[in-house]
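Its first residue numbered 14, the sequence shown is counted upward by one per residue in the working numbering.
Written out below as structure tokens is the structure these notes cover.
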Amino acid sequence: MFAIMTKAVVLSFLAFLFLIHRLAFALDIILFPRLKKVSIDKPLFIVGLPRSGTTTAHRFMASHTELFTSMPLWELLFAPALCQKYLIWGLYRVDNAVGGLFFKVIKWIQMRLGTGLANIHPIDLTKPEEDYLGLLPFDGCFLRFLMFPFSKSTWDLGDFSSMTETRRKKLLTAYRGLVQRHLIFRGEDKRLLSKNPSFTTWVSDLAKTFPDAEFIGMHRDLEQTVPSQLSSIHSGLKIFGYSAKDPHIVKRFVMLLKLYKSRIKVDASNLGSRMLILDFRELVGTPDKAIEVLYGHFELPQRNNLDTIRLTDLMVETKAYKSKHFYKLQDFGLKSQDLIPSNTPPKLKNSSA
């Protein structure tokens, strides 16, 4: 009963919030007529298996602040529209001028809510986050699996190619609009840096939508990524009355991550120099060499002194990090044999849960 009530409350709140966002998007068209003319030059997308170092790679690259810009969590959740960004930024400046009490309260709430996730995926409203969250008002975010893990439409989002061409174009148009709004707010001279494991099945469409886009494909063995991913989503599913140990959910995620692994190889082959595959062990074991390879491959400019210091600090932090997040395949009723790829490409569309 608690889970049902929680879902009802969350859905009601989200419906209200998304209505505001959609109205704000419409208002943007009136207030900022040049919005659709904003160019998106050479975006860099970090995709790949979840729990494969995508967040670490994102943090490393995002520390090059002179070159890249990424959408922070507060923009994605509360201000995806440009008019909302300016409004909240204005309120922040007013609050800061009178002591910053409201901002301190928000930070306290964030700290309390994020305590349980600190060892899995730290939450910070001011830090870059997966920008597919901005597609929530368009029902284009795979995070909906937390509330609807048995819905076919949820798993269609997991495999972008399973959607109709019309649906894919609508979501890509919505995403382009999100990026254009972000660039106007943050600086049109910046390159978008986007990290989304869920975009792994979007790569071919993103490559066509953004012809000069480049891609980093993160890789890690399924024996590590599958239990890590299931463990990381368990608490979120539990809120809505589900379990990451449910055999149907486990089966779906195994199929999904097998699909991701297959797609990365295919896309890397098709895109050539536009996509580079990077292994998790290389990124966390020798981050300096991994970043050197990335910068050389994509011919990125050197960092200024401040951005170099930021990167060095992050590398030291990464090398010293010891995860407190423990998991085993057996916790989810799986064996190593269950993760062996089949001879035919994995599909989600015709599977049942």
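C-beta atoms are modelled at their ideal positions from N, C-alpha and C, and glycine is treated no differently.
A quick note: this is a predicted structure, and the numbers were derived from the prediction, not measured.
Reduced DSSP secondary structure (H/G/I, E/B, other) of residue i
i	result
residue 287	helix
residue 64	coil
residue 201	coil
residue 59	strand
residue 86	helix
residue 208	strand
residue 240	helix
residue 224	coil
residue 141	strand
residue 188	helix
residue 175	helix
residue 328	helix
residue 16	helix
residue 147	helix
residue 73	helix
residue 308	helix
residue 195	helix
residue 255	coil
Straight-line Cα distance separating residue j from residue i
i	j	result
residue 188	residue 68	20 Å
residue 122	residue 143	21 Å
residue 17	residue 29	19 Å
residue 125	residue 112	22 Å
residue 118	residue 300	36 Å
residue 163	residue 258	14 Å
residue 175	residue 214	10 Å
residue 289	residue 273	15 Å
residue 248	residue 40	37 Å
residue 216	residue 170	13 Å
residue 339	residue 44	49 Å
residue 20	residue 103	33 Å
residue 250	residue 201	38 Å
residue 241	residue 207	22 Å
residue 332	residue 160	36 Å
residue 228	residue 59	6 Å
residue 198	residue 63	29 Å
residue 66	residue 335	14 Å
residue 366	residue 167	Any answer about residue 366 is weak, because its pLDDT of 42 lies below 50 and its placement is not dependable; what the coordinates show is given next. So the two alpha carbons sit approximately 12 Å from each other.
residue 262	residue 345	10 Å
residue 177	residue 220	18 Å
residue 347	residue 267	10 Å
residue 139	residue 78	14 Å
residue 27	residue 51	29 Å
residue 253	residue 31	20 Å
residue 276	residue 303	22 Å
residue 98	residue 38	11 Å
residue 76	residue 110	28 Å
residue 47	residue 260	50 Å
residue 330	residue 319	17 Å
residue 25	residue 80	39 Å
residue 293	residue 195	29 Å
residue 180	residue 153	9 Å
residue 310	residue 255	43 Å
residue 341	residue 101	43 Å
Top-ranked residue by Cα proximity to residue i, from the options
i	options	result
residue 49	186, 57, 308 and 112	186
residue 151	343, 36 and 271	36
residue 297	73, 51 and 54	73
residue 307	155, 256, 231 and 14	231
residue 245	156, 221 and 229	156
residue 57	224, 194 and 115	224
residue 204	84, 105, 309 and 241	84
residue 184	280, 51 and 146	146
residue 351	239, 79, 78 and 291	239
residue 172	211, 27, 320 and 179	211
residue 264	276, 243, 277 and 275	243
residue 190	148, 180 and 109	148
residue 270	55, 354 and 137	354
residue 54	193, 323 and 90	193
residue 82	71, 90 and 256	71
residue 281	255, 61 and 101	61
residue 92	136, 327, 34 and 279	34
residue 283	218, 328 and 108	218
First through last residue of the beta strand (DSSP E) which encompasses residue i
i	result
residue 231	227–232
Residue range of the alpha helix (DSSP H) that includes residue i
i	result
residue 294	293–298
residue 314	First-last for residue 314: undefined, no H or E at that position.
residue 79	That residue, residue 79, is in no alpha helix (DSSP H); it is neither H nor E in DSSP.
residue 157	From DSSP, residue 157 is part of no alpha helix (DSSP H); its letter is neither H nor E.
residue 51	Neither: residue 51 is in no alpha helix (DSSP H) and is coded neither H nor E.
residue 107	95–110
Residue i beta carbon near the ligand NAP (any heavy atom closer than 7 Å)
i	result
residue 60	Questions concerning the ligand NAP fall outside what the structure shown contains, since it holds no ligand whatsoever.
contact_flag[the region 233–244, the region 310–329] where n(CB pairs < 8 Å) is 3 or more: Contact fails: fewer than three Cβ-Cβ distances are below 8 Å.
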